[in-house]
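**Q** Below you'll find the structure I mean.
So this is what it looks like as structure tokens:
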């Protein structure tokens with residue numbers, strides 16, 4: 238079946254630094270990638286949607302200059318949290334979709350802790 | 015815009031008992047509906063999905079859900095709970111058109127506890 242590999246699974250960084258999270262589709266072409274964040278005991282909130290080769294579309298309230306999304310190829314999308322602060326600590330999950338298919342494959346998530 | 019409401023943030027059942035997790039949706043266009051399971055510190059695994067074919071959808075691990083348009087519901091059931099079913103379950107909706115095309119909107123999640 239479709240697999241999305243997400244790395245790193247856990248990362249701890251200092252305030253003010255940047256962190257990059259990668260999601261790779263291993264056996265399909267991810268034309269669309271979705272990035273979510275999940276706070277403890279809460280549901281997934283969509284941050285942005287990106288289509289390969291295009292700029293990401295951010296949800297209301299999500300700072301596009303803070304959460305940089307790159308989807309330069311059909312198998313790789315990255316989320317960079319810039320100038321991270323403790324309030325950015327969260328669980329980040331990517332989800333990939335091939336074409337207009339009704340299947341969404343999720344990565345295993347990244348636990349970001351900013352100290 | 016679409017939305018999903020999961021009734022009950024926590025459900026507790028005995029091993030071997032029926033599992034029923036409730037989900038109601040709101041959508042102005044025909045929806046696609048999904049149930050996902052999440053284990054701690056992991057991503058989401060698809061249990062089943064409704065995409066306008068049969069209203070009774072069978073998924074993995076004996077889970078199934080029935081789409082009821084009149085009730086705007088998509089409840090998840092399993093005849094006999096296993097200890098390994100203990101996890102958090104999310105209902106989600108996406109739509110086929112409009113500005114929200116392709117986006118998944120999740121419910122608040124239901125934590126299922128299975129006790130011996």
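Chains as they are written, first to last, in our numbering: chain B, 238 to 352; chain G, 15 to 130. Glycine included, each C-beta is placed from N, C-alpha and C at the ideal position. Here the structure is a predicted model, which is why all the values come from computation and not from measurement.
Where does residue 38(G) fall in DSSP's three states?
**A** DSSP places residue 38(G) in strand when its eight states are reduced to three.
**Q** Name the residue from 312(B), 296(B), 246(B) whose alpha carbon lies nearest to the alpha carbon of residue 239(B).
**A** Selected option, being the one with the closest Cα: 312(B).
**Q** To which residues of the same chain is residue 249(B) closer than 7 Å at the C-beta, ignoring the five residues directly before and after it?
**A** Here the set comprises 350, 352.
**Q** Per DSSP, what are the beta-bridge partners of residue 45(G) in this structure?
**A** BP columns for residue 45(G) point to 109(G).
**Q** Would you say residue 65(G) and residue 38(G) are within 8 Å of each other, going by their C-beta atoms?
**A** No. Outside cutoff.
**Q** Check distances from the C-beta atoms of the region 46-63 of chain G to those of chain B and list, in chain order, the residues that come in under 8 Å.
**A** Answer set for the region 46-63 of chain G: 46, 48, 50, 55, 56, 57, 58, 59, 60, 63.
**Q** Return the chain-ordered list of same chain residues with a C-beta closer than 7 Å to the C-beta of residue 93(G), the five sequence neighbours on each side being excluded.
**A** Closer than 7 Å at Cβ, skipping near neighbours: 32, 76.
**Q** Going by alpha carbons, who is nearest to residue 45(G) out of 68(G), 35(G), 109(G), 54(G)?
**A** Among 68(G), 35(G), 109(G), 54(G), the Cα nearest to that of residue 45(G) belongs to 109(G).
**Q** Taking 8 Å as the threshold, find out whether the region 253-269 of chain B comes into contact with the region 82-89 of chain G through three or more Cβ pairs.
**A** Judged by Cβ distances under 8 Å, the region 253-269 of chain B makes no contact with the region 82-89 of chain G, as fewer than three pairs qualify.
**Q** Pick helix, strand or coil for residue 75(G), following the three-state DSSP scheme.
**A** Three-state DSSP puts residue 75(G) in a helix.
**Q** Which whole-angstrom value is the C-beta distance of residue 330(B) and residue 281(B), which I expect to be below 8 Å?
**A** With a Cβ gap of about 6 Å, residue 330(B) and residue 281(B) count as contacting.
**Q** Residues of chain B with CB under 8 Å from residue 117(G), in chain order?
**A** Under the 8 Å cutoff, chain B gives 271, 283, 286.
**Q** Taking the beta strand (DSSP E) that residue 282(B) belongs to, which residues open and close that run?
**A** Per DSSP, residue 282(B) belongs to the beta strand (DSSP E) from 281-288.
**Q** Which chain D residues are close to residue 122(G), counting only those with a beta carbon under 8 Å from its beta carbon?
**A** Protein chains in the displayed structure are B and G, and chain D is not among them.
**Q** Counting only the same chain and skipping the five closest in sequence on each side, list residues whose C-beta sits under 8 Å from that of residue 323(B).
**A** Correct list, in chain order: 252, 351, 352.
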